[in-house]
Each structure stands twice: as structure tokens, then as C-alpha cells.
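Right, one structure below, let's go through it.
Numbering (our numbering), first residue to last: 66 to 378.
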């Protein structure tokens, strides 16, 4: 037979149950109007709330992240002054055969990239190494572009005048250090060529630089009939106007424009045929036209007698 529990035999349990029922019956029903947000119509109260929101520190945008420190082995190389780039430039796009407008602001720390359709992207601009730019987008993602900069010695009337700026995409650039060594940026690798010819490379990944490693590919500074040439793998870099850049990429020099409108207009126009630099792109010798008439002055005169005192050819 099932046993029946009588509450009367448990006075403590009866007291607890009575207290619970009293608490529930004594609570007032909540007013729905008090639970809903109260509209703010007082201008003074609105001004106080807005001022408090402005005083609250806002996190910096992700594109303003500081770059990681460079290795101590880069100390012999002068860092480009990115503040000299403030203004507007036409540079080579990552899309082959196209250019984009770079609007550099805030002393070389902010970049707005505009394509030929007027679409904009914002980047933080900094140096990854003395020969490479670091671009950080609004999501905090980064990429690099090789760079070579040189400022002419003559004074300029306006800030930025006289600045030569090259950022080929793709390509390679190099700079010479104060100890005679060289630093070259090729893709994601940074090569350091010592004055005695030793060559090592390092790579930056997730804010850390790898230990210098001897490359397996060719890496040497040599000379040929046209001057010094730096050979790294398949890249051949030559000096032109103080800038070491990949052979054949001198046409990728950035061009400064007056304003945004002029830059966008230039993007929609067909790109002019550049004048190649003979120091970087030697032209092949012209071959004779087989259908052309022979030049009488170039033909030997059959009636002319040979000079007996002349040396034989």
C-alpha cells in the first residue's frame, strides 16, 4: 500500500510553503510602460548623452596597426620617408596592364586606392622593410609591395616635388647601404647581399622575421658591358637614376598628378607609350631590309685600285 505524507506532520515544510505563497501574492504586476525604452525629447539631455559618447575612447581602425619591428641587420639601410608621398600618384595596378590612383594622406600613413571605376579602398601605409611597403586594409589584413624612392638634390617649390617613386607589381627593387652591402626585395623575400658577395634572405610572416638563410638560387652582383647588374634567381636589377629596379620595369614609375579629377581622367584614357630607358632596355640592332635598294656609297668601287701600303683586313 502506498504511503501518504501528511504536511501536518512537517511544520517546517508548511512554514516555508506559506512564506513562498505570501511573497508571490504580494508582488505587484510590472508595468509594461516601465519596461520599454523611454524616448528622449529633452535637447539638454540629448546633448549630455552625445558628449558622453564622444568622450568614450574609440578603438583605432585596424588599418592603423603599427608594423612589426625590422631586423637589426637592416640598420645599414636608409628608410624611405613616406611623408614625401603625400598627394596623388598613378601607380601600376595588381591587375596587369592597368593603373590605379593612390591618394596618400596623413604624412604617408594612410592610403586611399581608387580604381578606374571610382571604387575606393582604404589602407594603412607603412614600411615592411627599407625596400618594401606594408599595406593594411580595413579588416587588418596585410600585403606588401616593393618600393624604390629617391629625392633629387635640388630644392623644390612644393612638398613632394623631385621625388622619384617606383612600386612595380610584380618586380624587384634594391637599395645600397652605407657599408657597401645591398638589400633587395623580391616577392615575399628580402635578400641581403654583403660587400664580400655573401647572400642571405629572410621573410616576415605574422609579425616575425625568419632567421637569415642562404638561398639556393643565384644571388650575385656582377658587371657586364653596360655596368653593374644584381642577379637574384630570374631577376636582373640595374641602376637607373639612382634606383635599382628589375630590368625592363623602369616603365612602372609612379606619376604624380595635380588632383583627384586629373588622376581619374588619366585612368580612363589609354596609357601612353612610354619611352624606354636604353640603360635598362637596350634596343636590338636594326636588321637590313632585303627589299631595300642598295646604297651606292656603301658598295665598294670596282675600279678603285687597292693601296699597296694598306694592311690586309
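Glycine is no exception: its CB is placed at the ideal position from the N, C-alpha and C atoms. Bear in mind the structure is a predicted one, so any value in this text is a computation, not a measurement.
Handout entry: CA-to-CA distance, residue 108 to residue 146, given in whole angstroms
Key = The count along the chain shown starts at 1 and reaches residue 146 at position 81. The count along the chain shown starts at 1 and reaches residue 108 at position 43. Distance between the alpha carbons of residue 146 and residue 108 is about 48 Å.
Handout entry: Exposed unless 16 or more other CB atoms sit within 10 angstroms - verdict on residue 269
Key = Taking the chain shown and counting its residues from 1, the one referred to as residue 269 is at position 204. Buried, because 16 or more other Cβ atoms sit within 10 Å of the Cβ of residue 269.
Problem - Three-state secondary structure assigned by DSSP to residue 257 - result: Counting from 1 along the chain shown, the entry for residue 257 is found at position 192. Strand at residue 257.
Practice task
Could you tell me whether the stretch 243 to 250 touches the stretch 158 to 176, using the rule of 3 or more Cβ pairs below 8 Å?
Solution key: no
Exercise for the section: Answer yes if the stretch 176 to 192 comes into contact with the stretch 232 to 242, meaning at least three C-beta pairs across the two stretches below 8 Å, and no otherwise. Expected result: Judged by Cβ distances under 8 Å, the stretch 232 to 242 makes no contact with the stretch 176 to 192, as fewer than three pairs qualify.
Practice task
Compute the beta-carbon to beta-carbon distance between residue 308 and residue 229, rounded to the nearest angstrom, for a pair I have assumed lies under 8 Å.
Solution key: Here residue 308 corresponds to residue number 243 of the chain shown, with the count starting at 1. Here residue 229 corresponds to residue number 164 of the chain shown, with the count starting at 1. In this structure residue 308 is in contact with residue 229, their Cβ atoms being roughly 6 Å apart against a cut-off of 8 Å.
Practice task
Would you check if there are 3 or more beta carbon pairs closer than 8 Å linking the stretch 128 to 135 to the stretch 199 to 218?
Solution key: yes
Handout entry: Segment contact flag, the stretch 151 to 167 with the stretch 320 to 331, C-beta cutoff 8 Å, min 3 pairs
Key = yes
Practice task
Quick one: residues in its chain with C-beta nearer than 7 Å to the C-beta of residue 135, no 5 flanking neighbours on either side, listed in chain order?
Solution key: Here residue 135 refers to the residue found at position 70 of the chain shown. Contacts found: 194.
Exercise for the section: For residue 271, count neighbouring C-beta atoms within 10 Å of its own C-beta (all shown protein chains included) and say buried if the count is 16 or more, exposed if not. Expected result: Residue mapping note: residue 271 aligns to position 206 of the chain shown, counting from 1. Burial call: exposed.
Practice task
Please say whether residue 331 and residue 255 have beta carbons closer to each other than 8 Å?
Solution key: As a first step, residue 255 is located in the chain shown; it is residue number 190 there, counting from the start. As a first step, residue 331 is located in the chain shown; it is residue number 266 there, counting from the start. No. Outside cutoff.
Exercise for the section: With a threshold of 16 other CB atoms inside 10 Å of the CB of residue 266, please say whether the residue is buried or exposed. Expected result: Locating residue 266 in the chain shown gives position 201, where the first residue counts as 1. It counts as buried.
Handout entry: Unbroken alpha helix (DSSP H) run spanning residue 150, endpoints
Key = Within the chain shown, the letter at position 85 stands for residue 150. Note, residue 150: premise wrong, no alpha helix (DSSP H); not H, not E.
Practice task
Output the residue ranges of the beta strand (DSSP E) runs that lie fully inside the stretch 176 to 202 and measure 3 residues or longer, sorted by chain position.
Solution key: 185 to 194, 197 to 201
Problem - Among 111, 137, 104, 119, the one whose alpha carbon lies nearest that of residue 273 - result: Counting from 1 along the chain shown, the entry for residue 273 is found at position 208. For the residues 111, 137, 104, 119, the minimum Cα distance to residue 273 belongs to 137.
Exercise for the section: Could you name the residues that DSSP lists as bridge partners for residue 308? Expected result: Looking up residue 308 in the chain shown gives position 243. Partner(s): 305.
Exercise for the section: Tell me, to the nearest whole angstrom, how far the beta carbon of residue 189 is from that of residue 310; I am working on the premise that it is less than 8 Å. Expected result: As a working mapping, residue 189 is identified with position 124 in the chain shown. As a working mapping, residue 310 is identified with position 245 in the chain shown. Residue 189 to residue 310, Cβ: 25 Å. No contact.
Problem - Cβ neighbour criterion (16 or more within 10 Å) applied to residue 112 - result: Counting from 1 along the chain shown, the entry for residue 112 is found at position 47. By the 10 Å Cβ count, residue 112 comes out exposed.
Practice task
Keeping to the same chain, check which residues put their C-beta closer than 8 Å to that of residue 301; ignore five residues upstream and five downstream.
Solution key: As a first step, residue 301 must be located in the chain shown, where it is residue number 236. If we look at residue 301 and ignore the five residues flanking it on each side, its Cβ neighbours are 294, 295, 311, 312.
Problem - residue 328 versus residue 163: straight-line alpha-carbon distance, rounded - result: Within the chain shown, numbered from 1, the residue matching residue 328 stands at position 263. Within the chain shown, numbered from 1, the residue matching residue 163 stands at position 98. Going from the Cα of residue 328 to the Cα of residue 163 covers about 13 Å.
Handout entry: Residue span of the beta strand (DSSP E) that contains residue 212, given as start and end
Key = Walking along the chain shown from the start, residue 212 turns up at place 147. Taken as a continuous stretch (DSSP letters only), residue 212 belongs to no beta strand (DSSP E), as it is neither H nor E.
Exercise for the section: Report back the beta-carbon spacing between residue 178 and residue 165 to the nearest angstrom; my notes put them in contact at under 8 Å. Expected result: Counting from one through the chain shown, the residue named residue 178 turns up at place 113. Counting from one through the chain shown, the residue named residue 165 turns up at place 100. About 5 Å separates the two Cβ atoms, so the contact holds.
Problem - Residues sharing a beta bridge with residue 287, DSSP - result: For this step, residue 287 is matched to residue 222 along the chain shown. Its beta-bridge partners are 294.
Practice task
Please report how far the alpha carbon of residue 214 lies from the alpha carbon of residue 306, in whole angstroms.
Solution key: Within the chain shown, residue 214 is the residue found at index 149, counting from 1. Within the chain shown, residue 306 is the residue found at index 241, counting from 1. Straight-line Cα distance between these residues: approximately 11 Å.
Handout entry: residue 304 versus residue 141 - alpha carbon distance
Key = Indexing the chain shown from 1 puts residue 304 at position 239. Indexing the chain shown from 1 puts residue 141 at position 76. Rounded to whole angstroms, residue 304 to residue 141 spans 19 Å at the Cα level.
Exercise for the section: Inspect the beta-carbon positions of residue 253 and residue 216 and report whether they are closer than 8 Å. Expected result: Taking the first residue of the chain shown as position 1, residue 253 is located at position 188. Taking the first residue of the chain shown as position 1, residue 216 is located at position 151. Going by C-beta atoms, residue 253 is not nearer than 8 Å to residue 216.
Practice task
Could you name the residues that DSSP lists as bridge partners for residue 128?
Solution key: Taking the first residue of the chain shown as position 1, residue 128 is located at position 63. Its beta-bridge partners do not exist; DSSP assigns none.
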